[in-house]
Amino acid sequence: MAGAFRRIATEEAYVIPEVLNPMRDRAAAEAYDPDLLFWSRARAGSPLERRLLDLDGERLEIMDQHGVDVQVISLASTGVQMFEAGEAGDLAAKANDVLADAIVRHPTRYAGLGAFAPQDPEGAAREIERCARELKFAGMLVNSHTGGEYLDEAKFGPILAALEAEGMPLYIHPRAPAPAMAAPYRQYTLEHAIWGFQAETGLHAVRMIVGGVFDRFPNLKVILGHGGEGVPYWLTRIDAMHKAFQAEGRPTLEMAPSAYFLRNFFITTSGMNAPAAVKFGIEAVGSERMMFAIDYPFCDTAEAVADMDAMPISDEDKANIYHRTAERVFRIPAA
Ligand code: MN
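Numbering (the working numbering), first residue to last: 9 to 343.
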């Protein structure tokens, strides 16, 4: 059945064997690491592994079955960020080439978010340019921290400059909390989507805002999944506390923190296709800054589509969330 709205899903994952295999080998060999534990879930022969590796068969069948018109596809977390710098850069390029080829085979069904290796900021900037100019990707994606470091740090300036210059939006996707904040999450395995992903990724966004990134790069666009990783709910308190305590080490900002969120950020509904979360998002940031996402193959396509179809919001808001915002932000031609 054709849907009433074009459906563009914006946080959909794939992987290449050259990334999956070494990560899974490390998960089997090394002491506990929450990010490696996540990779170990894609067991050899499992449906998850099969769906992550596939870019031609089951992925399109499931999309067709549930009326998903376009997937915006990115390399599964943690991408190349746990490899050594040189290898990470090579793997990012390889993964991007594989995705670009799939988009050539299925140009109306896929758009791509490129991978890059923040471990080498200059090399990452060159890969961002290649993804924009040669591969015609819709944007780039980073899996939050790299080696415990965040993109507001000065060394990553070339990455942010390239993103802004190329007009490439950056999706900040979760990974487990950085080592320096991971310990209290360990006891109940809270490092993943249950809480740690959101705490880690929300922190990354707040660091970028309060650290003055958007005064340096006013045209940089950032996308957060999972309803904005908690940040929209906190905006008024962040503003109030930012104003109340002008703490040492904080740069002076040109605007209130929330103003950057409402100017530079977009949020997606991945894993948060629940009425309370979506209605709050519309009130806090507006549907023109919201996009639909499934998180295939980690979340269920049928459920995400059914939830959004049934969402008690206006058709105008639903059209924005299902496709208009993604068409604008990711430059996806209208159907
Ligand atoms: Mn995801």
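Note that CB positions come from ideal geometry on N, CA and C, so glycine has one too.
Delimiting residues of the beta strand (DSSP E) encompassing residue i
i, result
"E19", "16 to 22"
"T276", "273 to 276"
"S85", "Per DSSP, S85 belongs to no beta strand (DSSP E) and is neither H nor E."
"A119", "118 to 122"
"V230", "230 to 232"
For residue i, the three-state DSSP class (helix, strand or coil)
i, result
"T154", "strand"
"M9", "At M9, the pLDDT of 39 sits below 50, so the modelled position is not reliable; the number obtained from the coordinates is stated separately. Of the three classes helix, strand and coil, the one that applies to M9 here is coil, per DSSP."
"V27", "helix"
"A136", "Before going on, a small fix: residue 136 reads as Ile here, not Ala. Helix at I136."
"V76", "coil"
"M148", "strand"
Residue i versus the options, residue with shortest Cα-Cα distance
i, options, result
"A146", "F13, A213, S322, I81", "I81"
"R138", "V112, H153, R113, A100", "A100"
"G279", "G97, E69, E291, I202", "I202"
"G220", "S266, H331, V76, G175", "S266"
"E161", "P177, E69, G257, L60", "G257"
"G155", "L171, A173, A170, D128", "D128"
"V150", "L270, M90, F269", "M90"
"R32", "T18, A39, I24, A50", "A50"
"V88", "H74, E69, L44, E66", "L44"
Range covered by the alpha helix (DSSP H) that runs through residue i
i, result
"Y179", "Unbroken run through Y179 is the beta strand (DSSP E), 178 to 181; no alpha helix (DSSP H)."
"A207", "204 to 218"
"F288", "283 to 292"
Burial state of residue i (16 or more Cβ within 10 Å)
i, result
"S54", "exposed"
"M9", "Residue placement at M9 is flagged as unreliable, the pLDDT there being 39, under the threshold of 50; the coordinate-derived value follows with that caveat. Exposed is the call here."
"F253", "exposed"
"G235", "buried"
"E324", "exposed"
"R67", "buried"
Distance CB(residue i)-CB(residue j) smaller than 8 Å
i, j, result
"I180", "P126", "no"
"E20", "I231", "no"
"V78", "Y22", "no"
"H331", "R14", "yes"
"L63", "A84", "no"
"E95", "I136", "no"
Residue i CB to nearest heavy atom of the ligand NAP below 7 Å
i, result
"E199", "As for the ligand NAP, it is missing from this structure, which binds only the ligand MN."
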